[in-house]
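Remarks on the structure that follows.
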């Protein structure tokens with residue numbers, strides 16, 4: 001039998017929201033958010049009460065509490081974990097309950113999304129419908145995310161409310177206790193060898209602690225000598241010291257510095273040759289650190305990288321159960337799905353010929369119980385440049401998950417002000433896919449474009465499709481350091497794109513949406529200016545205006561780690577913007 005439950009009608013309600021007397025902070029917040037959004041949607045305030053009184057008809061029970069005790073046996077809270085939830089009608093009650101850490105809060109947001117039509121496109125732009133009547137049929141939903149860690153790493157995704165509403169639980173968003181917290185790496189996120197054992201502090205007295213390259217111990221861009229027992233002992237002591245100072249830590253990175261030069265001393269070389277990969281000495285070292293801290297810190301995992309020279313898994317040694325291996329896709333092409341594209345679009349001269357990222361992922365999935373991914377979803381030499389990777393986001397995430405990946409970090413334009421092409425759109429779509437890899441991407445894109453750009457959505461969708469059609473049709477590979485002179489940014493495509501943006505500007509609903517279209521057009525202007533001959537009479541004026549618009553938007557960098565002033569100088573000089 002399909003019942004209809006009328007919650008609010010004609011400005012009145014006889015329903016109440018029930019929060020447990022012992023509710024977690026995020027469950028209390030979930031009840032407050034549900035009340036606030038129902039009021040925004042209908043103008044009606046649904047009262048909140050606790051569970052110390054008798055069960056009454058017409059209750060929305062939020063979180064596990066005494067008013068759902070009779071239903072508890074039918075819900076597997078262990079399976080729901082921290083983030084999963086159920087939404088279920090039961091008699092005259094609606095139950096939204098899940099993991100006390102975040103699950104109930106995620107359940108409330110999903111109820112508001114899927115049943116009342118709410119959308120949170122960015123921290124500033126939402127779609128909250130207006131209704132005079134709220135009614136529902138029978139509901140029986142359970143959702144448990146396949147990924148324990150989900151992070152779209154964009155500046156625009158750091159807002160804690162946006163992150164919680166889109167079920168992102170990463171390390172960098174401003175997620176508070178009321179949101180259920182975050183996946184906590186504290187301040188040591190990656191590339192930590194030099195933090196724990198600084199070369200400036202130790203090299204003069206102990207050069208043997210660091211990489212031997214070409215028969216000499218090096219102090220510039222060096223790694224650690226991972227077979228040196230003193231290095232291991234020092235690392236264990238430094239890690240324990242850090243954990244003692246930061247008891248909130250649940251994942252701690254012990255990982256290579258952000259350059260090459262692995263140690264090639266006789267002992268390290270012997271291990272890596274035996275293991276058929278530089279990851280051999282790394283995993284042996286990290287395993288010993290993880291083993292040493294486990295008795296005192298049983299809830300802490302040690303995170304390390306499979307990155308560039310350590311990307312290939314070792315032949316024999318296996319990561320311990322409290323070790324996370326974070327595999328990085330930095331060399332790859334991002335115009336085509338990683339599973340089918342063998343092109344290494346970046347660092348080609350350094351990449352091993354014929355080595356497949358896809359095969360490395362498959363092999364890591366076989367030997368490591370907790371694989372994370374560090375993926376790349378913007379152009380790091382040219383943030384504000386067209387980057388045709390939106391269509392590969394879903395197949396790549398699905399491929400990761402099929403190979404035992406438990407967490408995904410999607411690195412976008414993260415510096416202050418953002419600035420990446422359609423950064424808000426990418427963050428939104430990624431948040432949907434990281435929660436549910438089978439989400440309808442086309443629907444998410446179209447909903448975002450309509451909600452964010454109004455009547456201008458259609459030409460912007462045409463531009464996105466045109467760009468992606470070109471790299472697919474012409475089999476053009478793209479990397480994360482490509483210049484604005486790249487093959488896919490042909491003169492005719494940029495001209496067509498400019499015409500579509502002209503159309504979008506004409507269709508803009510109001511001044512605010514026109515401003516958003518102007519921001520979305522910055523990548524096209526950037527390519528046009530980069531290709532403009534230096535003898536064009538008003539070239540400097542156009543460059544000045546472009547950078548004035550960039551600064552007015554709050555964008556602080558167009559190139560990872562490089563000032564706007566330097567980027568402007570390069571454009572004025574006609575430099576080709578490629579990664580050094």
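In the UniProt record's numbering, the protein residues as written are 1 to 580.
For glycine and all other residues, C-beta sits at the position ideal for the given N, C-alpha and C.
Secondary structure of residue i, DSSP reduced to three states
i           : result
residue 411 : strand
residue 153 : strand
residue 127 : strand
residue 372 : strand
residue 107 : helix
residue 293 : helix
residue 210 : strand
residue 406 : strand
residue 49  : strand
residue 272 : helix
residue 508 : coil
residue 85  : strand
residue 441 : helix
residue 327 : strand
Beta-carbon spacing of residue i, residue j below 8 Å
i           : j           : result
residue 459 : residue 507 : yes
residue 314 : residue 283 : yes
residue 159 : residue 176 : no
residue 106 : residue 407 : no
residue 334 : residue 478 : yes
residue 374 : residue 409 : yes
residue 189 : residue 414 : no
residue 317 : residue 304 : no
residue 301 : residue 326 : no
residue 257 : residue 204 : no
residue 227 : residue 281 : yes
residue 224 : residue 265 : no
Backbone CA spacing between residue i and residue j [nearest angstrom]
i           : j           : result
residue 419 : residue 538 : 25 Å
residue 100 : residue 562 : 42 Å
residue 573 : residue 545 : 16 Å
residue 76  : residue 83  : 13 Å
residue 22  : residue 51  : 9 Å
residue 219 : residue 411 : 29 Å
residue 465 : residue 476 : 15 Å
residue 570 : residue 557 : 13 Å
residue 352 : residue 510 : Unreliable placement is indicated for residue 352, whose pLDDT of 42 sits below 50; no coordinate value is reported for it.
residue 113 : residue 19  : 21 Å
residue 131 : residue 44  : 10 Å
residue 587 : residue 341 : No statement about residue 587 is possible, as the shown extent of the chain runs from 1 to 580 and does not include it.
residue 232 : residue 36  : 53 Å
residue 135 : residue 94  : 12 Å
residue 350 : residue 331 : Residue confidence for residue 350 is low, a pLDDT of 39 falling below 50, so the modelled location carries little weight and cannot support an answer.
residue 49  : residue 297 : 39 Å
residue 182 : residue 431 : 15 Å
residue 273 : residue 208 : 20 Å
residue 456 : residue 329 : 34 Å
residue 481 : residue 299 : 38 Å
residue 4   : residue 310 : 57 Å
Supposed close pair residue i, residue j - CB separation, criterion 8 Å
i           : j           : result
residue 108 : residue 62  : 7 Å
residue 115 : residue 186 : Rounded, the Cβ-Cβ distance is 37 Å, inconsistent with contact.
residue 236 : residue 184 : Not really, about 21 Å apart at Cβ, beyond 8 Å.
residue 68  : residue 97  : 6 Å
residue 422 : residue 520 : 7 Å
residue 46  : residue 12  : About 11 Å; that fails the 8 Å criterion.
residue 2   : residue 138 : 6 Å
residue 368 : residue 319 : 5 Å
Option nearest residue i by Cα separation, candidates the options
i           : options               : result
residue 8   : 2, 511, 41 and 68     : 41
residue 356 : 386, 46 and 308       : 308
residue 260 : 493, 151 and 278      : 278
residue 398 : 281, 463, 362 and 499 : 362
residue 447 : 464, 429, 437 and 434 : 429
residue 126 : 390, 455 and 162      : 162
residue 382 : 468, 484, 312 and 290 : 484
residue 442 : 455, 391, 396 and 463 : 391
residue 450 : 58, 29, 121 and 64    : 121
residue 206 : 190, 338 and 229      : 229
residue 403 : 188, 504 and 359      : 359
residue 498 : 473, 512 and 527      : 527
residue 172 : 468, 416 and 512      : 416
residue 590 : 371, 378, 320 and 394 : Outside the displayed range of the chain (1 to 580) lies residue 590, so it cannot be described from this structure.
residue 254 : 180, 240 and 566      : 240
residue 501 : 463, 336, 473 and 474 : 463
residue 587 : 147, 321 and 80       : Residue 587 lies beyond the range of the chain shown here (1 to 580); nothing can be said about it.
residue 547 : 427, 560, 525 and 535 : 525
Beta carbon proximity, residue i to chain C, threshold 8 Å
i           : result
residue 170 : Here there is only one protein chain, and chain C is not present.
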